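Enquirer: The opening position of the sequence shown corresponds to residue 0 in the working numbering, with each subsequent residue numbered one higher.
Where a beta carbon is used, it is the ideal one built from N, C-alpha and C, also for glycine.
Computed from a prediction, not measured in an experiment: that's the story for all the values here.
Sending over a structure as structure tokens; questions will come in a sec.
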Amino acid sequence: MQGNRTGTSFADPTYEGTCPSGPFLGHLPMTSPKRACVITYGCQMNEYESAVIERMLVERGFSLDANPEEADLILLNTCTVRARPEHKVFSQLGAFRRLKQRRPEVRLIVCGCVAQQWGAGLLSRAPHVDAVIGSRDLRALQRFLDGELGDTQVVAGCLESDPFVDTPPLVRQSQVTAFVTIVEGCSYFCRYCIVPYVRGKATSRPLGGVLREVQFLAEQGVREVTLLGQSVNSYGRDLRGGPRFLDVLQAVHQVPGIERIRFTSAHPRDFTEQLLEALPRLPKVCEHFHLPLQSGDDAVLKAMGRGYTADQYLDLVGRLRRAAPEVAITTDVMVGFPGESEQAYGNTLSLMAQVRFDQAFMFKYSDRPGTRAATMESKVPAPEKQRRLEQLVAQQNRIAAEINAALVGREMEVLVEGRDRTGNLLSGRTRTNKIFHLEGQATPGDLVQARAERTYLWGFRGPIAARP
Ligand code: SAM
Ligand code: SF4
């Protein structure tokens, strides 16, 4: 679909090994329909990438199977941003060792950030893996699937290659929301973060490619797009004289069929006054902003290299709330960054109480290899990190429940997405990105007005009050 290739598609692998039993796809049973299972770890950007991989597979005649036990090809799209998701990948690989003993013909590919970080080392640790493909190497994956890479087993290491392929994400039946990555990688190098090392520097996707993909998604029935990037609002900094983030928002806003636009993550440093002033002219942009805070303490923020102070963050929140009083603000926070004192942690606790976030993703700091923070002294002991995290989560849960409870009786616009987990009720999301379980009849893609009768930590339940 898109014609946005600019650089080399495949270059400079760190290592090229051989598959002992011959070219990769030669092992797949070609007589029966081939089944592939894509397993995703990590953030929305990985979910987007997996949807692109799924389309690549479908275009090559694979059917998709959610059960790895049934699949001929298993693809693990991995995350290494914290120690925990990385451990999960290795424990999943352990389980697949047994599966491969039972069914040696199954092919196992690891891609994404763990593949990038470990490269050939992954094969030493998990020799039953058939191929390792780094995070900016989706084109290499295409070539693997097309049998063009022969015996090559590892393609990882080149963080300069063009990360954007011409394949749009797979859209499932009745799917009405979709992610679109517009910036790959990150140039901020926060001192705790491995992303720039495994995803490369921030690379903005050409606007033409973004627009073609959004138009395609709209034609497939998608009504809401979420534009993605590690610092999505820094879009365009690497495109000399090219479009900037506001230009992307304005262009996507004009795509017929798209009713709602979201973007994440917005780096507080890049939330410009110009962007804030433009929001009232962009009614499709939803009143929900994800602004990672990380810490409420100035010394910790400085040590992290975040580039703002607690007061500057509060000032941004204030300006957003003055511009859109109904706005929902969500965040990422971590506890136990090296050197975080009890008082510094207390500053995070009180800043979060002051802001009153609608939702927060809260983490315990973990060392990531190659980052500056990993070599810092004054590490916070694990039990202390756990205590801080539990206290922060308890406070945040109370605040989120209070915010939602205050909205009982209110009518809200909900985009109907499908059914809830029980299958009994329709489910969708408000403009503020909260889940709403709906009583009544509607079709995925409908924008309905619903009345919040019951509230929960995660959102609301109530009847459909009106349909457009
Ligand atoms: N780009 C976003 C930003 O500006 O904050 C963050 C993206 S990062 C993939 C997702 C979240 O993981 C971060 O916001 C941070 O809270 C958390 N995280 C990153 N590195 C971490 C580490 N070493 N230990 C614990 N949490 C970490
Ligand atoms: Fe990591 Fe910082 Fe970039 Fe976010 S902005 S991805 S935390 S380096």
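Could you check if Trp457 is buried or exposed, using at least 16 other CB atoms within 10 Å of its CB as the buried criterion?
Expert: Counting Cβ neighbours within 10 Å, Trp457 comes out exposed, since fewer than 16 surround it.
Enquirer: Would you tell me roughly how many angstroms separate the C-alpha atoms of Pro22 and Gly111, rounded to the nearest one?
Expert: Because Pro22 carries a pLDDT of 39, less than 50, the predicted location of this residue cannot be relied on, and no value is offered for it.
Enquirer: From the DSSP output, read off the bridge partner residues of Gly427.
Expert: In the DSSP output, where bridge partners are listed per residue, Gly427 has Val415, Phe435.
Enquirer: Report yes if the C-beta distance between Gln115 and Ala155 is below 8 Å; otherwise report no.
Expert: Contact flag set, yes.
Enquirer: Exposed or buried, which one is Pro162 when buried takes at least 16 other CB atoms within 10 Å?
Expert: Counting Cβ neighbours within 10 Å, Pro162 comes out buried, since at least 16 surround it.
Enquirer: Which full runs of the alpha helix (DSSP H) of 4+ residues lie inside the segment 162 to 212, going along the chain?
Expert: Entirely contained in the segment 162 to 212, the alpha helix (DSSP H) runs reaching 4 residues are, in chain order, 194 to 198.
Enquirer: What is the DSSP secondary structure of Asp331, reduced to helix, strand or coil?
Expert: DSSP places Asp331 in strand when its eight states are reduced to three.
Enquirer: Whose CA, out of Thr329, Ala277, Lys283, lies closest to the CA of Leu290?
Expert: Ranking Thr329, Ala277, Lys283 by Cα distance to Leu290 puts Thr329 first.
Enquirer: How many angstroms separate the CA atom of Ala177 from the CA atom of Ala359?
Expert: Each residue's alpha carbon lies about 22 Å from the other.
Enquirer: Leaving aside the five residues before and after Gly369 along the sequence, list all residues of the same chain whose C-beta is less than 6 Å from its C-beta, in chain order.
Expert: So the qualifying residues of the chain are Tyr196.
Enquirer: Have a look at Val128 and Glu53 and give me their C-alpha separation to the nearest angstrom.
Expert: When rounded, the distance between both Cα atoms is 19 Å.
Enquirer: Does Ala464 pass the burial test, meaning 16 or more other C-beta atoms within 10 Å, or should it be called exposed?
Expert: Under this definition Ala464 is an exposed residue.
Enquirer: Across which residues does DSSP place Ser233 in a beta bridge pair?
Expert: DSSP, once it has assigned bridges, lists no residue as partnering Ser233.
Enquirer: Would you mind stating whether Arg236 and Ala201 have Cβ atoms separated by less than 8 Å?
Expert: Yes. Within cutoff.
Enquirer: Of all the beta strand (DSSP E) runs that stay within the bounds of the segment 57 to 98, which reach a length of 3 or more residues?
Expert: List check, beta strand (DSSP E) in window: 72 to 77.
Enquirer: Could you name the residues of the same chain whose beta carbon sits closer than 7 Å to that of Leu388, not counting the 5 residues immediately before and after it, in chain order?
Expert: Counting only Cβ-Cβ distances below 7 Å, and skipping sequence neighbours, we find Val334, Met361, Lys363.
Enquirer: If you compare alpha carbons, which of Arg367, Arg450, Met55 is closest to Leu137?
Expert: Comparing Cα-Cα distances from Leu137 to each of Arg367, Arg450, Met55, the minimum goes to Met55.
Enquirer: Quick one: is the Cβ of Val413 within less than 7 Å of any heavy atom of the ligand SAM?
Expert: Not so, every heavy atom of the ligand SAM lies at least 7 Å from the Cβ.
Enquirer: Can you tell me which of the three DSSP states Arg460 falls into?
Expert: DSSP places Arg460 in strand when its eight states are reduced to three.
Enquirer: Which partner residues does Leu275 have in the DSSP bridge list?
Expert: According to DSSP, Leu275 bridges with nothing at all.
Enquirer: Looking at the secondary structure, which residues open and close the alpha helix (DSSP H) in which Val354 lies?
Expert: Unbroken alpha helix (DSSP H) run through Val354: 341 to 354.
Enquirer: By Cβ distance, which residues of its chain are closer than 8 Å to Ser62, with the 5 residues on each side in sequence left out?
Expert: If we look at Ser62 and ignore the five residues flanking it on each side, its Cβ neighbours are Pro32, Lys33, Arg34, Ala35.
Enquirer: What are the complete alpha helix (DSSP H) segments, minimum 4 residues, inside the segment 97 to 161?
Expert: If we require 4 residues or more, the alpha helix (DSSP H) runs fully inside the segment 97 to 161 come out as 112 to 117, 120 to 124, 137 to 144.
Enquirer: Looking at C-beta atoms only, is the number of pairs between the segment 386 to 405 and the segment 216 to 226 that lie closer than 8 Å three or more?
Expert: Judged by Cβ distances under 8 Å, the segment 386 to 405 makes no contact with the segment 216 to 226, as fewer than three pairs qualify.
Enquirer: Is Leu238 helix, strand or coil by DSSP?
Expert: Note: Leu238 maps to coil in three-state DSSP.
Enquirer: Using 8 Å as the threshold, is the C-beta distance between Glu223 and Arg259 below it?
Expert: Their beta carbons are under 8 Å apart, which means Glu223 touches Arg259 by this criterion.
Enquirer: Just curious, the beta strand (DSSP E) that Ala449 is in, first and last residue?
Expert: 446 to 450 is the span of the beta strand (DSSP E), which, as asked, contains Ala449.
Enquirer: Please state whether DSSP places Val326 in a helix, a strand or coil.
Expert: It is coil, neither helix nor strand.
Enquirer: Need the endpoints of the alpha helix (DSSP H) that Lys301 sits in, please.
Expert: Its alpha helix (DSSP H) spans residues 297 to 303.
Enquirer: Compute the minimum distance between the beta carbon of Phe362 and the heavy atoms of the ligand SAM, and state whether it is under 7 Å.
Expert: At least one heavy atom of the ligand SAM is nearer than 7 Å to the Cβ of Phe362, so yes.
Enquirer: Below 8 Å between beta carbons: does that hold for Ser230 and Val182?
Expert: Contact flag set, yes.
Enquirer: Determine the DSSP secondary structure at Arg321, reduced to helix, strand or coil.
Expert: Correct three-state label for Arg321: helix.
Enquirer: Confirm, please, whether the CB-CB distance from Met411 to Ala441 is below 8 Å.
Expert: Not closer than 8 Å, so no.
Enquirer: Is Val534 helix, strand or coil by DSSP?
Expert: No answer is possible for residue 534: the residues shown for the chain start at 0 and end at 467.
Enquirer: Verify the contact flag: His266, CB atom, against every heavy atom of the ligand SAM, threshold strictly below 7 Å.
Expert: For the ligand SAM, at least one heavy atom lies less than 7 Å from the Cβ of His266.
Enquirer: Within the same chain, show all residues whose beta-carbon is closer than 7 Å to that of Leu27, passing over the 5 residues directly before and after it, in chain order.
Expert: Summary for Leu27: the model assigns pLDDT 46, below 50, so the residue's position carries little reliability, and this model does not support an answer.
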